[in-house]
Structures are given as C-alpha cells and as structure tokens.
Amino acid sequence: MRATALLAPTLREAPADAEVVSHRLLLRAGFIRRVAAGVYNYLPLTMRVLKKIERIIREEMDRQGGQELLMPIMQPAELWQESGRWDVYGPELFRLKDRHDRDFALGPTHEEVITTLVRGEVSSYKQLPLLLYQVQNKYRDERRPRFGLMRGREFIMKDLYSFDRDEKGLAESYMKMHEAYNRVFQRCGLRFRPVEADSGAIGGNESQEFMVLAESGEASILFCESDTCNYAANVERAAQINPPDKAKEGLDKLTEKETPECRTVEEVTRSLGIPPQKIIKTLLYETDTEVVAVLVRGDREVNEIKLLNLLGSLRVDLAGENTILKVTGAARGFSGPIGLKGVKIIADLEVSSMANAAAGANRDHFHYINVNPGRDFSIDILTDVRMVEAGEPCPCCGQKLNEARGIEVGQIFKLGAKYSKILGATYLDESGKSKPIIMGCYGIGVTRTMAAAIEQNNDQDGIIWPAAIAPFHVVVVPVNIKDAEQAALAENIYERLTAAGVEALLDDRAERAGVKFKDADLIGYPLRITVGSKAVSEKTFEVKTRRTGEVSMVPEDKLEHTVLEMLRVL
Ligand code: ATP
Ligand code: MG
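Residue numbers for the sequence shown follow the numbering used here, beginning at 5 and rising by one.
Here you go:
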C-alpha cells in the first residue's frame, strides 16, 4: 500500500470533545470519523486492525469447535416479548416500526434469536453440544455514548452461545471459552486479567469479565496481592471476608442525643465524638415494588449491584425526601433502624458485629448512641451488601486486596436454563425425557478491544500498536521522494518486504521527512525504515522500533530477515 493512495487523514490537533487517549488518537491518526453520537465511520486503517482482531477471534472460536453463523440485526418485537425482555431492557433497546406498524428492535445481543433458532432445529441429545457464534454490529442506545470506540451506540461484537445437555456440559463449554478468551487477548498483545463479574441484566449465575489493564479504564478491579492466589473481581462483585466476631464490650444503655443539623456521617462523627466505624448508616432505597432500609458501617458504601441482585428487582434508587419522611417520620440524615416500621431491614454482615453504635433516631436532629443490633432492633436480612475496598483481606486467602483499573473487553456467562425455559428450547435425552437445553453466552467487544489496545499502548507521540493487530507492520519512509535514487530504493525495499509477507506501507507522499516521521509515530506502525542518502550510498537501513525508539542499522541483504525477527517480539 502506498500512502498517496491511503485515506488516513491525520490531524494536528485533537478535537476538543475527545476525552480519552484512544478517542483522541483515533481521530488524530485518521482511523475514525464521527457520524452521530456513538456512531462512527471506520476508515481503512481501522478496518485493517478490526480484521486482524476478528481473525484472531475466529481462529480461537473455531479451535474450540465454534461454528460461525450470522443472525439478523433487525429482530421482531415478539421474540423480545416472549422472553419478557421487551419491557425490561428499557431505553437502551433501539426500537423501530416497519410500514405495517409492527415493532422491531436492533439487536443489542442475540439470546432470543439464537434460542428460538435452536429450539426449532435441535430436538435430540445427539445434536448437543453446540457452540454458535457471529461477528456483527450491535446496537445499544447507551445513556452516555462516549470515548469514541469505547462506548458506542453502534459497535462490533463477537457473540457466541453454547448449548449443552446439562450443567457438566456447560462447565466444559465455559472452560473452553475461558481458554479461548485468554488466547485471543494474549495474541492481540494485550495485558489483561479475567475477573469475577456480576451477571447483570443478562441473568445467569456465573460470569467473568476480561479486563484490559489501563489507568483510563471505567471498571475498578480488586485482586489478591498474593502470587499463589488468583482471586480477582470487579469491585461490583468483590466479596467480603466474614466479619470479625461481635465486639466483646458490655452493652450500654440506649440513649438519645441531640445532633442539630448533623446529617452526614462526618457531621455525626464530629458531633458525638464517635468514629465512623461505630456509626450505623441507614439508607432507604426504592425499588419498583417496595422501600427497604439498608444498614452499613459509617465508613462503608452500599453496593447497589449486590442490593439489586438480592432484591431481584429491576432497579434500586435512593429514596427521595418525601419517601424518607413518610417511612421514618424524619428528614434525610436522621434515619435509623430503631422503631422503623413497614420496611425490610437489610444489614451488611459487619453491622451484626457492631456494639454500642450510633444511629439516626428517626426524629429530626436526633441520633441514638449505644445502639445494639438484636437488642434494639432486628435485622430481616443479614448479608454482604457493601462495597469492598482495596486494602481489605482477600475473601479466598486473607491476604491484602490491591486495586487496578480495567477496560471490559469481553464477558462470559453461564446462563443455565434461563432462556431455554422461557422460550421452550428443549431436547430429548437418552431415555426420551424432555429437558431444557443448558446455555452460556460469551461476548467480545471487537471495536472496544481496538480502543483498549490504544489506551494501553501509547505515548505523547501517538499509538504504539502491538504487531499482531497493527494496521501495517512497517512504514518505509524515503527522506526525499524527489531524489530518484532514494525513491527507487524505497520502492525496491517496499516490494521486497511485501514479497516476504511483511505488511508494508510506502510513504511516497511529497512531504518533508519530519512530517512523515510524525505521522508514522502518530499512526503507530511497529517499525519504521528510513531511506535517506546514507541508505543509498552504504546500502544500510535505519530501522526504528516505535515502542522503544531504538534504532538498528541493518544491511540490505539482512533486511527481510531482521524485520521478520523484530516483528515476532513486538
Ligand atoms: P458495559 O458494562 O461496558 O456497558 P456490558 O457488560 O453491557 O458492557 P456485554 O453485554 O457484556 O456488555 O457485551 C459484551 C462486550 O461487548 C463487552 O464486554 C464490551 O467489550 C462490548 N460492549 C458492550 N457495550 C459496548 C458499547 N456500548 N460500545 C462498545 N463495546 C461495547
Ligand atoms: Mg459485560
């Protein structure tokens, strides 16, 4: 490929609305152009990267026995009504009508379509297991589409669905995909980590996310510092170790104290001279069906995902002033568990170990001290409902948890019989008994993986592609294209490298060398070969490694061999 023929419009400045590095660099280096919020044109350099990522993914899915198919993006509403998700999925689902006023959705994921396909075509245990996948545009009307390819409203995903006879089969399929995902991200040249994850709206009971480690990641990960323990979890999911036994102090007399204008834990701490660890924080939450009170220690935060899963509801939101007043009889900031009527009291595990604590008195400007769970109020549900923090003990081995930021590039789920039961996808086993097919689903964000690779591999000059997914391996830069000898030699080198299987780009533009070098660094080709007067006179080429900036002088007869060797480790 010649640069004069390539549509890669580089920019000097990044557009002001690009917040993260990958977004800025994709725009500046001429990889993408915006069409609408979260909707982009993928220019030729992007297509080259995406094709490489997709190829790696296809090879690894096929290696595990996956079969590629392609399902429609446009899905009839009836399928979503049948699964019950037409109402549940909410505004994220792109909905449209055909000319006959029939409802459709643009697929954000394909459980409904594939389960009904398999329902129609599979009837016997002999046809299982099946691993079916596609690579396709997905549509999600995200609340905040942003960060370029990181969170689009139209994006490319690989989604695979597994169909097994039983849980044992599902465990095998899940393991296969776990291995495939590890191989995919390794081959893409990324630093990543599988972590335990919440299974969210998709449902199911076991899930892991694959996180590319990068400071800019939206996800927070907790992982065990011990080399021998593999525990790592999304902070949404991270579990706490069992709390210490109940404090062995004598129980003091429950006393009401005036705490004027003290609404926050900090204010109560100051007013009562009691540390946050001795305060029971009471938060009221509203779901679609009820109001609940959630108790955590004053220095902790409620984990709303754990709460949502516990309640099995569609949403949980902090209750508003009116609800708080109605339920507690007091304003926000004075809620407490004592005497609270008509709402379920859900307490975090730690709360049961607390003794002589402070809590709101459900009376404006008053708190209680010497509050004791069991004696002064009862707990309806005692469970792990708080955020775990870095520095706490690992729930597996007790060593310390560390924190890292990550970008979720893939997620795998055990769905079990959730969709097959609702949609009636069954098979006959060896004894002729009808059973639900046991399913799993497994997604990789192809476009997000590309953005994550940039987030992890860049410097002040631009992108640094891992060789496996670079748009080109090498850029050949004649210093002065008007010098006939340089131009001819550069052309010759380019042809030879191409013949040797190296993906080379010849920068034959009539630009100053400095401009071409800047673009080479910005676009991020792993290697740059400079063809200047020295190369002409001495038949030796300067090969620069983008990642390290190292320059090697390579004689002409060793060029192909050396370039191939260098690419192997980049
Ligand atoms: P997130 O929590 O980031 O919104 P998700 O958990 O909803 O993502 P999944 O349903 O697990 O996403 O989809 C599988 C993969 O698709 C994700 O791991 C991610 O890589 C990718 N993906 C999901 N939403 C988007 C998006 N809006 N833009 C780009 N890629 C996405
Ligand atoms: Mg996910």
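Cβ coordinates follow ideal geometry from the N, Cα and C atoms, glycine included. These numbers come from a predicted model, not from an experiment.
*Reference residue 576; option with closest CA among 394, 497 and 473*: In the structure as shown, the chain starts at 5 and stops at 574, and residue 576 therefore has no counterpart that could be examined.
*Sorted by chain position, which residues of the same chain lie with C-beta nearer than 6 Å to residue 479's C-beta, five sequence neighbours on each side aside?*
509, 511, 524, 529 and 532
*asked:* Measuring straight from C-alpha to C-alpha, what distance separates residue 561 and residue 548?
replied: The alpha-carbon atoms of residue 561 and residue 548 are separated by roughly 18 Å.
*asked:* Within 10 Å of its beta-carbon, does residue 161 have 16 or more other beta-carbons around it, so buried, or fewer, so exposed?
replied: buried
_List, from N- to C-terminal side, the alpha helix (DSSP H) runs of 4 residues or more that fit wholly inside the region 290-368._
308-315 and 325-332
*Which partner residues does residue 387 have in the DSSP bridge list?*
352
*Should residue 415 be counted as a contact of the ligand MG given a C-beta to heavy atom distance under 6 Å?*
yes
*In chain order, what residues of the same chain lie with their CB nearer than 8 Å to the CB of residue 415, ignoring the 5 residues before and after it?*
201, 211, 212, 213, 214, 446 and 447
*Would residue 78 be called buried (16 or more neighbouring beta carbons within 10 Å of its own) or exposed?*
exposed
*What whole-angstrom Cβ distance do residue 301 and residue 358 have, given they're in contact under 8 Å?*
That belief holds up - the Cβ atoms of residue 301 and residue 358 are roughly 7 Å apart, short of 8 Å.
*Should residue 244 go down as buried or exposed, given a rule of 16 or more other Cβ atoms within 10 Å for buried?*
buried
*Exposed or buried, which one is residue 168 when buried takes at least 16 other CB atoms within 10 Å?*
The Cβ neighbour count for residue 168, taken over all protein chains shown within 10 Å, is at least 16; the residue is labelled buried.
*What span of residues does the beta strand (DSSP E) with residue 227 cover, start to end?*
It spans 223-228 - the beta strand (DSSP E) in which residue 227 sits, taken as one unbroken run.
*asked:* If I measure Cβ to Cβ from residue 440 and keep anything under 6 Å in the same chain, skipping five residues before and after, which residues do I get?
replied: Cβ within range, chain order: 421, 424, 425 and 430.
*Beta carbon of residue 569: closer than 6 Å to some heavy atom of the ligand ZN?*
No copy of the ligand ZN appears in this structure; the ligands present are the ligand ATP and the ligand MG.
_Environment of residue 337 [buried if 16+ CB atoms lie within 10 Å]_ = buried
_Cβ pair residue 52, residue 44 closer than 7 Å_ = no
*Supposed close pair residue 42, residue 158 - CB separation, criterion 8 Å*: 7 Å
*Could you spell out the range, first to last residue, of the beta strand (DSSP E) harbouring residue 68?*
Neither: residue 68 is in no beta strand (DSSP E) and is coded neither H nor E.
*Identify, in the order they occur along the chain, each residue of the same chain with its Cβ nearer than 8 Å to the Cβ of residue 183, setting aside the five sequence neighbours on each side.*
Closer than 8 Å at the Cβ level, and outside the excluded window around residue 183, lie 68.
*What's the call for residue 259, buried or exposed, on a 16-neighbour Cβ count within 10 Å?*
The residue is exposed, with fewer than 16 neighbouring Cβ atoms inside 10 Å.
*N- and C-terminal bounds of the alpha helix (DSSP H) containing residue 566*: 563-572
*Apart from the five residues just before and just after residue 400, which ones in its own chain have a Cβ nearer than 6 Å to its Cβ?*
233 and 235
*With DSSP run on the structure shown, which of helix, strand or coil describes residue 579?*
Residue 579 cannot be examined here, being either before or after the span of the chain that is shown, 5 to 574.
_Rounded to the nearest angstrom, what separates residue 2 and residue 352 at their Cα positions?_
Only positions 5 to 574 of the chain appear in this structure, which leaves residue 2 out of reach.
_Nearest-angstrom Cα separation, counted from residue 267 out to residue 14_ = Near 54 Å, if we compare the C-alpha coordinates of residue 267 and residue 14.
*asked:* Distance check for residue 124 and residue 197, CA to CA, integer angstroms please.
replied: Rounded to the nearest angstrom, the two C-alpha atoms are 38 Å apart.
*Tell me where the alpha helix (DSSP H) around residue 184 begins and ends.*
171-191
*Residue ranges of each alpha helix (DSSP H) run of no fewer than 4 residues wholly in the region 471-548, ordered along the chain?*
488-503, 517-527 and 537-542
*What are the start and end residues of the beta strand (DSSP E) that includes residue 110?*
107-110
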